[in-house]
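Residue 1 is where the sequence shown starts when you use this note's numbering, and the numbers rise one by one after that. One structure below.
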Amino acid sequence: MGIYLPIAEISVNVFVLLAMGAAVGFLSGMFGVGGGFLITPLLIFYNIPPAIAVATGANQVIASSFSGALSHMKRGTLDFKLGGVLLAGGIVGSTAGIYVFALLRRLGQLDLFISLLYVALLGTVGGLMLVESVNALRATRSGAAPVLKKSGQHNWIHRLPFKMRFRASKLFVSVIPVLGLGAAIGFLSSIMGVGGGFIMVPALIYLLKVPTNVVIGTSLFQIIFTSAYTTLVHATTNQTVDVILAFLLMAGGVAGAQYGARAGQRLRGEQLRALLALLVLAVAIRLAIDLFATPPNPYSLSAAGLS
């Protein structure tokens, strides 16, 4: 069944979009990620304009993040103070990202920039995750205990000035890296349509030494408001949010997430990380092929100034 998307200005199959949302929701439930870094490339593969894919894909991130943050708040594993500082940085980063987004769109370089950024980011993150998960699987098979850093160990970040105490996270650290991390995630959210949890979670754990049980809920709390702000500004400034597309993706995602959560409980942590790494690398390779492969029709006849 076909439907016309008024903002994207393209006719699509409803069932394909529902299946796409369900697939990303399934993966979100299985791996515990928002899914923004997957839904945006999938929409681009389906010929949705990248500007629309970025701005609209953030809606699915908001819905899944709100549900997860509410659950963590009930369990007391959400640091509102830390999340607030991350959010302050996120708003600044999102504002800067939206300005860059609009500038690149005017210059006609937005599509290329988004694809290049996805290839670089997903390729790097996926590669690092795959190496770590393979090492963990080898250690498990050999019976060796994994080497973990003690929570009391500090690095250079903990020697920076302007320190603040975050009691829920049992953390006393400078606000500079916290604001910087929030700003970086906000920038990526506005440019790429991602929540940034797949970057923020390891950064909070390995760089700031935030307890793992607090990291996920705090990250989701920040993502809710950063993604909502990004979506709102994209809608008012760039007019790139397609409500019909967002609704179809969210409807499929809600159903898929329930089954994904059940499937994820049957696999070990290192197995999940290895599968997620392979998935991330597959998306990066697919985007890289589209960037460097010669198109079947290298010439396009279109009116100047129209995208």
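From the three backbone atoms N, C-alpha and C, an ideal C-beta is built for every residue, glycine too. Because the structure is a prediction, the values reported are computed rather than measured.
Just the Cα atoms here: how many angstroms apart are residue i and residue j?
| i | j | result |
| --- | --- | --- |
| PHE80 | ILE205 | 17 Å |
| TYR118 | VAL134 | 23 Å |
| ALA19 | LEU104 | 31 Å |
| GLY84 | GLY2 | 43 Å |
| VAL241 | SER142 | 50 Å |
| MET164 | LEU179 | 12 Å |
| LEU17 | LEU245 | 8 Å |
| ALA203 | ILE185 | 11 Å |
| TYR99 | GLN222 | 21 Å |
| VAL24 | PHE113 | 23 Å |
| ALA55 | PRO49 | 10 Å |
| ASP290 | ILE199 | 25 Å |
| LYS170 | PHE45 | 43 Å |
| VAL243 | LEU82 | 32 Å |
| THR77 | THR236 | 34 Å |
| ALA139 | VAL131 | 12 Å |
| PHE247 | PHE172 | 41 Å |
| ARG75 | ALA136 | 29 Å |
Please classify residue i: does DSSP put it in a helix, a strand, or coil?
| i | result |
| --- | --- |
| ASN238 | helix |
| ASN47 | coil |
| LYS170 | coil |
| LEU5 | strand |
| GLY12 | The sequence given here places Val at residue 12; Gly does not occur at that position. Note: VAL12 maps to strand in three-state DSSP. |
| GLY152 | Because GLY152 sits at a pLDDT of 46, beneath the cut-off of 50, its placement in the model cannot be relied upon, and the point is left open. |
| LYS81 | helix |
| LYS209 | coil |
| LEU281 | helix |
Are residue i and residue j close, meaning C-beta to C-beta below 9 Å?
| i | j | result |
| --- | --- | --- |
| GLY126 | LEU279 | yes |
| LEU121 | LEU181 | no |
| PHE90 | TYR259 | Note that residue 90 is Gly in the sequence shown, not Phe. No, Cβ-Cβ distance for GLY90 and TYR259 is not below 9 Å. |
| SER71 | GLY217 | yes |
| ALA22 | GLY256 | yes |
| MET129 | ALA277 | yes |
| GLY123 | ALA274 | no |
| SER190 | ASN59 | no |
| LEU86 | SER219 | yes |
Please report the Cβ distance between residue i and residue j, rounded to the nearest whole angstrom; I am assuming they are in contact, meaning their Cβ atoms lie under 8 Å.
| i | j | result |
| --- | --- | --- |
| ALA102 | ASN13 | About 31 Å separates the two Cβ atoms, so there is no contact after all. |
| PHE66 | ILE224 | 5 Å |
| THR231 | ILE62 | 7 Å |
| ILE176 | PHE166 | At roughly 14 Å, the Cβ-Cβ gap does not stay under 8 Å, so ILE176 and PHE166 are not in contact. |
| LYS201 | VAL215 | Note on identity: in this sequence residue 201 is Val, with Lys being the wrong assignment. At roughly 5 Å, the Cβ-Cβ gap stays under 8 Å, so VAL201 and VAL215 are in contact. |
| LEU110 | ALA51 | 6 Å |
Compute the minimum distance between the beta carbon of residue i and the heavy atoms of the ligand FMN, and state whether it is under 8 Å.
| i | result |
| --- | --- |
| SER227 | As far as ligands go, the structure on display features none, and thus does not contain the ligand FMN. |
Any chance the stretch 106-118 sits against the stretch 242-251, with 3 or more Cβ pairs inside 8 Å? No, because fewer than three Cβ pairs between the stretch 106-118 and the stretch 242-251 fall closer than 8 Å, the two stretches do not touch.
Mind the definition here: the stretch 279-287 touches the stretch 41-54 only if three or more C-beta pairs lie below 8 Å; say whether that holds. Yes, the stretch 279-287 touches the stretch 41-54.
Evaluate the contact criterion for the stretch 91-98 versus the stretch 207-219: three or more CB pairs, one atom per stretch, below 8 Å. no
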